[in-house]
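61 is the number that our numbering gives to position 51 of the sequence shown; each next residue is one higher, with no gaps.
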Amino acid sequence: MKLLKLTVAALASALIALPATVSAAGELTIALASEPSSIDPHFHNLGPNNAVARVMFDRLIMPDDKQQLLPGLAVSWKPINDTTWEFKLRKGVKFHDGSPFTADDVVFTFQRAPNVEGSPSSFGTYLKGKEITRIDDHTVHIKTERPYP
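Quick look at the structure:
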């Protein structure tokens, strides 16, 4: 369960970043069991919203079909000590407007996710007691209150 919370925190912290390749504008059609309440990935932690976010935004790490963690915007992650994880970020990633993806974006997202105004169900539960620090443009440390396996 503790690893799940760290995983969710890492996933939530990179939801604003888009894929490295930008396609031409077009129409996207997806099928959902119910209508999302928002396309803001941090507004409401709700199934339909998360389904939309999965196809619109990249994450630091992502699970495969067997729930094994795979690199996403983070190319690697490792524990530095009992309460600190280091994430090395993928270089060359750009947002839809061409601006580069950096550790500052991960820090911004990590701080924004639990504090979205008017959110009926935020990611705050998963981020409680965690700190994020920018080490350099492509490295962040996530510190937890107590050891996670």
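For glycine and all other residues, C-beta sits at the position ideal for the given N, C-alpha and C.
R64 to N91 span [Cα, whole Å]: Here residue 64 refers to the residue found at position 54 of the sequence shown. Here residue 91 refers to the residue found at position 81 of the sequence shown. For R64 and N91, the distance between alpha carbons rounds to 30 Å.
Can you give me the start and stop residues for the alpha helix (DSSP H) that R122 sits inside? Working through the sequence shown from its first residue, we reach residue 122 at position 112. Here the alpha helix (DSSP H) through R122 covers A113 to R122.
Roughly how far, in whole angstroms, is the beta-carbon of S86 from the beta-carbon of K98, given that I think they are within contact range, below 8 Å? As a first step, residue 86 must be located in the sequence shown, where it is residue number 76. As a first step, residue 98 must be located in the sequence shown, where it is residue number 88. Between K98 and S86 the Cβ distance is about 5 Å, and since that is below 8 Å, they are a contact.
With 16 other Cβ atoms within 10 Å as the buried cut-off, status of R156: Numbered from 1 along the sequence shown, position 146 holds the residue referred to as residue 156. By the 10 Å Cβ count, R156 comes out exposed.
What distance in whole Å lies between the Cβ atoms of H52 and V126, which are believed to be in contact at a cut-off of 8 Å? Counting from 1 along the sequence shown, the entry for residue 126 is found at position 116. Counting from 1 along the sequence shown, the entry for residue 52 is found at position 42. Contact flag correct, Cβ pair sits at about 5 Å.
Could you check if D114 is buried or exposed, using at least 16 other CB atoms within 10 Å of its CB as the buried criterion? As a working note, residue 114 is residue 104 in the sequence shown. By the 10 Å Cβ count, D114 comes out exposed.
Using CA atoms only, rank isn't needed, just tell me which of L83, S131 and Q121 is closest to P110. Residue numbering aside, residue 110 sits at position 100 when the sequence shown is read from its first letter. For P110, the nearest C-alpha among the options comes from L83.
Relative to the C-alpha of T143, which residue among T135, T154 and F133 is closest? The residue given as residue 143 occupies position 133 in the sequence shown. Selected option, being the one with the closest Cα: T154.
Flag this pair as yes or no: are the beta carbons of D147 and T112 separated by less than 8 Å? Working through the sequence shown from its first residue, we reach residue 147 at position 137. Working through the sequence shown from its first residue, we reach residue 112 at position 102. Taking C-beta atoms as the reference points, D147 and T112 count as a pair closer than 8 Å.
Rounded straight-line distance, which links the Cα of K88 to that of T149: Translated into the one-based positions of the sequence shown, residue 149 becomes position 139. Translated into the one-based positions of the sequence shown, residue 88 becomes position 78. Near 11 Å, if we compare the C-alpha coordinates of K88 and T149.
Any idea what DSSP makes of L99, helix, strand or coil? Position 89 of the sequence shown, counted from the start, is the residue given in the question as residue 99. It is a strand residue.
Taking the beta carbon of T119 as the centre, do at least 16 other beta carbons fall within 10 Å, making it buried, or is it exposed? Counting from 1 along the sequence shown, the entry for residue 119 is found at position 109. Under this definition T119 is a buried residue.
Measure the C-alpha to C-alpha separation of Q78 and A61 and round it to an integer number of angstroms. Stepping through the sequence shown from its first residue, residue 78 is reached at position 68. Stepping through the sequence shown from its first residue, residue 61 is reached at position 51. Approximately 19 Å, taken between the alpha carbons.
Find out if the Cβ-Cβ distance for the pair P46, N55 is shorter than 8 Å. The residue given as residue 46 occupies position 36 in the sequence shown. The residue given as residue 55 occupies position 45 in the sequence shown. Contact flag unset, no.
When DSSP labels each residue in this structure, what does T135 get in the three-state scheme? As a first step, residue 135 is located in the sequence shown; it is residue number 125 there, counting from the start. T135 falls in the helix class under three-state DSSP.
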